[in-house]
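Last residue of the sequence shown: 153 in the numbering used here, with the numbers rising by one and none dropped.
For every residue, glycine included, the Cβ atom is placed at its ideal position computed from N, Cα and C.
This one's a predicted model, so the numbers in the text were calculated from it and none came from an experiment.
The structure appears right after this line, and notes come after that.
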Amino acid sequence: MKKETAKQAVKTDNNPISGNLISDIRRLIETARHNVAVTVNTRLTILYWQIGIRIRQDILNEKRAEYGEEILPTLSAKLVPEFGNGFGARNLSRMVRFAEVFPEGKILSTLLRGLPWSSHLHILAKTKSIEEKEFYLEALTFPSLLWRNTKPS
């Protein structure tokens, strides 16, 4: 038997199905999945930022308090049973830190890049200045810019 190529017709239940049709549908599905993942990542990151802002404004009064000692564990104890471990004290602390680092004016351009929350956390942990954080966020979003800016002349 000869191997069939993607462009040849494939018979399923006596109906010819074009290899192009299958390829196109696969591409549509993969594109939709990717777009959903980017949208979900963006919305979750915005949610976590909003939670951090809310904690800072309503409870901490914009001060860098020792929120880890009482406030976050108490809040976490109320949220985890209903929403899961993603809202534990440690993650709430990260959300507050994220809100501290990215003030409202800068947040939109950062969040609309669709990076997963874990990428934001990694950058928060490994960088010191806002400029450095923004550089790496840009590099993750547009890797060709990083290459263009760092390759030898």
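DSSP places residue 86 outside any alpha helix (DSSP H), giving it a letter other than H or E. Look at residue 16 here: in three-state DSSP terms it is strand. Taking C-beta atoms as the reference points, residue 136 and residue 95 fail to come closer than 7 Å. A residue is called buried once 16 or more other Cβ atoms fall within 10 Å of its Cβ, and residue 128, having fewer, is exposed. According to the DSSP assignment, residue 123 belongs to the alpha helix (DSSP H) that extends over 117-126. Between the stretch 72-89 and the stretch 28-37, the count of C-beta pairs closer than 8 Å stays below three; the two stretches do not touch. Residue burial annotation: residue 56 is buried, with at least 16 other C-beta atoms found within 10 angstroms of its C-beta. For the pair residue 124 and residue 82, the Cα-to-Cα distance works out to about 27 Å. Secondary structure of residue 93 (DSSP, three-state): helix.
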